[in-house]
Amino acid sequence: MAHVRVLTDERMDGRRAGSAGERLARDYIARVMASIGLEPAGADGHFAAPFDFTAGISLGPDNRLAWTDVGGAEAPLQVGTDWRPLAFSTSGEIAASPIAFVGYGLVAPATGDTRAIDDYRGIDPRDRWVLAFRGLPPSLDGPGRQALQRHASLRHKAMIARDRGARGILFVSGPLGRYRHELVPLRFDASLAGTRIAVLSISDATAERLLASGLPRGASRHARPLDLAALQRAAARRVVEARPADAPGSGTKNASGAAAFELGNVLLGGQIDLETRHATGYNVLGRLRIGPDTSRETIVLGAHYDHLGHGEGSNSLASGDEVGRIHPGADDNASGVAGLLEIAADLADRRDRGEF
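If you're matching positions, the sequence shown starts at -5 in my numbering and goes up one per residue.
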């Protein structure tokens, strides 16, 4: 408990990697290792071993997006207001491309609680943007929601779009969405492996403008403009009404129906510019030598001592007035580090008493 109390002290400031708080935690762990009798096994005879890592992400200077209607008129969209790239989006030029609407963008196999869902049914998304609602319908609850939760993350939906050949994916919250921010915040994702396609969040107003300019391909030019709220209600209904896999009439038929369609008369293209920030973190390495010489084989025990700082990244579970406060990380992973140090102390004591 003494180790946990030190590592979670406010002076550690959440132990964010690369921060002053991480340095305090690192120095503490090194002092404890030395007191136990471990030898430094880091760089240049020290306990610390530096490594470089991606510490954050921000918008570069060249972010632009514009849509073109059937008459060739181009309308620029304002980054940060009308749209924003996600942290795992690709960067670079995106050619002006058609847009396909795919409801909630879900692709999921049948389970005991839902039938197979493929919101791309009836549309070929290759070399197109796909427009999808974020998350799951708010009205979906119980086992059905649990069954689809793993298929509803932004990254998972983006990977589905990528695997189907899409050029990019546009996420919209929609009027039914229950989100603090209409645009997805640009937050650092510790798993920054890109999806190789453009991944953007667009405002409801932007989605409405695109829908108003691009009727479903093949529709009469006198048809009524598409309505975002109506589309979201219909898409939600198709997901919510997905019956269990063993229900009468179920099987391979898509539970969400053929609701996908391509918007005619509108193209979207532009440039995405994301900049990553790099920093240096430190491992703390101590060696417990058993014999007089270094062994040919080594057993490695580990725990991570860094944490989330004030929750600046995408992994914070803070809500309400907790947002922005120190994340002490008692069980993530001060407790693991404390356990590691206790194991080291016990093994060192047993060695000194000649047990091995």
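Cβ atoms here follow ideal geometry from the backbone N, Cα and C, with glycine treated the same way.
Residue i versus residue j - alpha carbon distance
i           : j           : result
residue 325 : residue 11  : 17 Å
residue 221 : residue 201 : 10 Å
residue 13  : residue 199 : 39 Å
residue 53  : residue 33  : 44 Å
residue 353 : residue 327 : There is no way to answer for residue 353, as the model of the chain reaches only from -5 to 350.
residue 244 : residue 141 : With a pLDDT of 36 at residue 244, under the threshold of 50, the predicted position of this residue should be treated as unreliable, and no value is reported.
residue 318 : residue 305 : 6 Å
residue 7   : residue 322 : 7 Å
residue 1   : residue 19  : 6 Å
residue 93  : residue 64  : 13 Å
residue 99  : residue 272 : 33 Å
residue 17  : residue 342 : 25 Å
residue 176 : residue 230 : 18 Å
residue 55  : residue 70  : 16 Å
residue 262 : residue 62  : 6 Å
residue 351 : residue 28  : This structure does not reach residue 351, given that the chain is present from -5 up to 350, and the question cannot be answered.
residue 115 : residue 51  : 35 Å
residue 329 : residue 298 : 10 Å
residue 174 : residue 5   : 30 Å
residue -3  : residue 203 : 56 Å
residue 9   : residue 283 : 29 Å
residue 164 : residue 181 : 17 Å
residue 295 : residue 195 : 42 Å
residue 101 : residue 129 : 12 Å
residue 311 : residue 171 : 19 Å
residue 274 : residue 36  : 15 Å
residue 270 : residue 178 : 18 Å
residue 124 : residue 233 : 18 Å
residue 81  : residue 22  : 33 Å
residue 156 : residue 66  : 28 Å
residue 340 : residue 38  : 27 Å
Coarse secondary structure for residue i, derived from DSSP in three states
i           : result
residue 228 : helix
residue 321 : coil
residue 90  : strand
residue 140 : helix
residue 48  : strand
residue 121 : coil
residue 180 : coil
residue 263 : strand
residue 192 : strand
residue 199 : helix
residue 112 : strand
residue 273 : strand
residue 281 : strand
residue 63  : strand
residue 170 : coil
residue 100 : coil
residue 23  : helix
residue 158 : coil
residue 80  : coil
residue 253 : coil
residue 58  : strand
residue 345 : helix
Whole-Å CB distance - residue i paired with residue j, under 8 Å assumed
i           : j           : result
residue 193 : residue 83  : 4 Å
residue 58  : residue 119 : About 23 Å; that fails the 8 Å criterion.
residue 148 : residue 208 : Contact doesn't hold; Cβ gap of about 23 Å is too wide.
residue 236 : residue 111 : 6 Å
Minimum Cβ-Cβ distance from residue i to chain D less than 7 Å
i           : result
residue 168 : Absence of chain D from the displayed structure is noted, only one protein chain being present.
Identity of the residues DSSP links to residue i by a beta bridge
i           : result
residue 301 : 10
residue 30  : In the DSSP output, where bridge partners are listed per residue, residue 30 has none listed.
residue 268 : 53
residue 71  : 59
task: Spell out a yes or no on whether the region 71 to 84 and the region 282 to 290 are touching, meaning 3 or more CB-CB pairs, one atom from each, closer than 8 Å.
output: no
query: Below 8 Å, can you find three or more Cβ-Cβ pairs linking the region 42 to 61 to the region 277 to 285?
result: yes
message: Contact between the region 145 to 158 and the region 222 to 233 is defined here as three or more beta-carbon pairs at a separation below 8 Å; is this criterion met?
response: no
query: Are the region 253 to 268 and the region 128 to 136 in contact at 8 Å, needing three or more beta carbon pairs?
result: no
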